[in-house]
Amino acid sequence: MRAVAWQSARTVQVVDTADPVIREPTDAIIKVTATAICGSDLHLYDHGAAMRMRSGDIVGHEAMGEVIEVGNAVSRIGVSDRVVVPFNVACGQCADCRRGRYSQCRTTRDADAGTGGALLGYTRRYGGIPGGQAEYLRVPYAHFGPIPVGVDDPPGVLLLSDVLPAAWEAVDRAEIPDNGTLVVFGLGAVGQMCVTAALYRGAERVIAVDRVPERLAHARGNGAEPVDFSDIDDVPETIRDMTSGGADSVIDAVGMDADGSFAEALLQSVRVQTDRFTAFRQATASVRRGGTVSVIGVYSSDMLNFPLGELFDRQLTLRWGLANVRRWDQVLLGLLRDGDQLGANDIITHVDSLEDAPDAYERLKHHRDGVIKSVLDPGIDTSL
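Here the sequence shown stands for residues 1203 to 1586, numbered as in our numbering.
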């Protein structure tokens, strides 16, 4: 089969590799019909070696497709079913899974590494499971994980694998009060869905922070107040001025900022050294006393000089972590089928062939051509 494989820093290639096979009775094999590049894939793209990637590792944790084979312990899905594959690899039966904490699955996590549950296509720190940017995919724990969808469901169902549940959970954790104000830092795919999910769930006001014109325009079109941080001197001060002392809740949808551009630009205005935790620092400085900061952007290393004293003094609530996909799949599938209430279909701005993955990675990394969400279709024949 053909698959997208990490090679070295800022290099992925589409390679020939062996088709996956059933290894465990709970496995399934799917023929991938759509797979997406996530903003967190750019962390691997830039810094894979530091995250225990090896040349040839197949990447991608957002995929859907048609089931072509199942193990003998899999009965809830069958051959020819159409499914979306959550990025969490979870057993569905352990104590954490029973509490809806699928990202902390005790069965799949690496106790020696001290990490949470395994993740599809996301480094050897998280199970070393080959990813979904490929023609075929082995899905572990398929007796629980895959989400059945219909042939008539819209393209946005692919986002049930990660983006939609990540945004929904980030908003849920943000605990926005009735008629409250939310600030979203970072308007990639997850940030855009945070905007629409928050407004759908009753936020009176959403302020959206980024510097990419197309992303700001998209958020504005969905009802947010855009803030272009390249135009202002001090982002938190501006937010505090706009909200009479700080927002009720803030979502950090940036994380460690894979290419550094978000962090670099934010810090130019305050003339301090760039670090990988800029969005988090800006988020905590933008929320009111007693407010909540919800972190859904990926952080994969520890933070020196963590502002514990500030968080304590200001009585801030901090909630974070990976999304627990299966916890939200039915409510989100219902919203997709009911007229796409969150606008998921609209953020898919680019669809490319699998063979064009290297160019698609570069486009997303550098925010070219108005890209928000980039999907790869293994069925597109580039030889024609």
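By construction, the Cβ of each residue, glycine as well, lies at the ideal position given by its N, Cα and C atoms.
### Message
Considering only DSSP beta bridges, list what His1552 is partnered with.
### Response
Ser1576
### Straight-line Cα distance separating His1249 from Glu1208
First, the residue type needs correcting, since residue 1208 is Trp and not Glu in the sequence shown. Trp1208 and His1249: Cα-Cα distance of roughly 11 angstroms.
### Task
With 7 angstroms as the threshold, decide whether the Cβ of Asp1450 is near any Cβ in chain D.
Annotation note: the requested chain D is absent from the structure, which comprises a single protein chain.
### Message
In the DSSP assignment, the alpha helix (DSSP H) including Ser1488 goes from what residue to what residue?
### Response
Ser1488 -> alpha helix (DSSP H) spans 1480–1488.
### Query
Rounded to whole angstroms, how far is the Cβ of Val1429 from the Cβ of Ala1410, which I believe are closer than 8 angstroms?
Val1429 to Ala1410, Cβ: 7 angstroms. Contact.
### Task
Rounded to whole angstroms, what's the CA-CA distance from Arg1417 to Asp1229? Just pull it up for me.
39 angstroms
### Task
Measure the CB-CB distance between Ser1305 and Gly1316 and report whether it falls below 7 angstroms.
no
### Task
Specify the secondary structure class of Thr1228 as computed by DSSP and reduced to three states.
Coil, per DSSP.
### Query
Using the beta-carbon count (16 or more within 10 Å), is His1345 buried or exposed?
His1345 is buried by the Cβ-count criterion.
### Message
Rounded to whole angstroms, what is the Cα-Cα separation between Asp1548 and Ala1525?
### Response
So the two alpha carbons sit approximately 22 angstroms from each other.
### Task
If I'm right that Ile1260 touches Gly1333 with Cβ under 8 angstroms, what's the distance once you round it to whole angstroms?
5 angstroms
### Query
Going along the chain, which residues of its own chain have a beta-carbon closer than 7 angstroms to the beta-carbon of Leu1534, five neighbours each way excluded?
So the list reads Leu1362, Leu1366, Pro1367, Trp1370, once near-sequence residues are dropped.
### Query
Is it true that the CB of Phe1289 sits closer than 7 angstroms to the CB of Leu1244?
In this structure, Phe1289 does not lie closer than 7 angstroms to Leu1244 by Cβ.
### Task
Identify which residue in Met1458, Ala1485, Asp1531, Arg1516 has its Cα closest to the Cα of Asp1504.
Met1458
### Message
Looking at the strands, I want to know which residues DSSP matches up with Thr1445.
### Response
BP columns for Thr1445 are empty, so no partner.
### Message
Tell me the DSSP secondary structure of Phe1431 in three-state form.
### Response
helix
### Task
Can you grab the Cα-Cα spacing for the pair Arg1284 / Pro1350, in whole Å?
6 angstroms
#### Entry: Burial state of Phe1514, where buried means 16 or more other Cβ atoms lie within 10 Å
exposed
### Query
What does Ile1270 pair with, by DSSP beta-bridge criteria?
Its beta-bridge partners do not exist; DSSP assigns none.
### Task
Tell me, please, which residues DSSP counts as bridged to Trp1208.
Val1214
#### Entry: Of the listed residues Thr1235, Arg1483, Asn1274, Phe1387, nearest to Glu1264 (C-alpha basis)
Thr1235
### Task
State the Cα-Cα distance for the pair Met1203 and Ser1555, rounded to the nearest angstrom.
14 angstroms
### Within 7 angstroms, strictly: CB atoms of Gly1359 and Val1286
With the sequence shown as reference, residue 1359 is identified as Val, and Gly is not the correct amino acid for it. Cβ atoms of Val1359 and Val1286: closer than 7 angstroms.
### Task
Pick out the complete alpha helix (DSSP H) segments inside the segment 1295–1327, 4 residues or longer, and give them in chain order.
1297–1300
### Task
Using a threshold of 7 angstroms, state whether the C-beta atoms of Pro1594 and Ile1279 are closer than that.
Since the first residue shown for the chain is 1203 and the last is 1586, residue 1594 is missing from the structure and cannot be characterised.
#### Entry: Coarse secondary structure for Asn1424, derived from DSSP in three states
coil
### Beta-carbon proximity list for Glu1271, same chain, < 8 angstroms, skipping 5 on both sides
Ile1224, Ala1230, Ile1231, Val1281
### Query
Would Gly1499 be called buried (16 or more neighbouring beta carbons within 10 Å of its own) or exposed?
buried
### Query
By a C-beta neighbour count over all protein chains shown, 10 Å radius and 16 as the cutoff for buried, is Asp1364 buried or exposed?
buried
### Task
Can you say whether Ser1451 is buried or exposed, counting buried as having 16 or more other CB atoms within 10 angstroms of its CB?
Ser1451 is buried by the Cβ-count criterion.
### DSSP bridge partner residues for Asp1591 (one or two, in chain order)
Nothing about residue 1591 can be read from this structure; the chain reaches only from 1203 to 1586.
### Message
According to DSSP, simplified to helix, strand and coil, what is Ser1496?
### Response
strand
### Message
Shorter than 6 angstroms, the distance from the beta carbon of Arg1483 to the closest heavy atom of the ligand SAH, or not?
### Response
Summarising the ligand content, the structure contains no ligands, and the ligand SAH is consequently not present.
### Query
Per DSSP, what kind of secondary structure is Trp1530 in: helix, strand or coil?
coil
### Contact belief for Thr1538 with Pro1356 at Cβ below 8 angstroms, rounded distance in angstroms
Sequence check: residue 1538 is Leu here, not Thr. That pair is a contact at about 6 angstroms.
### Query
Which residues bound the alpha helix (DSSP H) around Thr1398?
1391–1402
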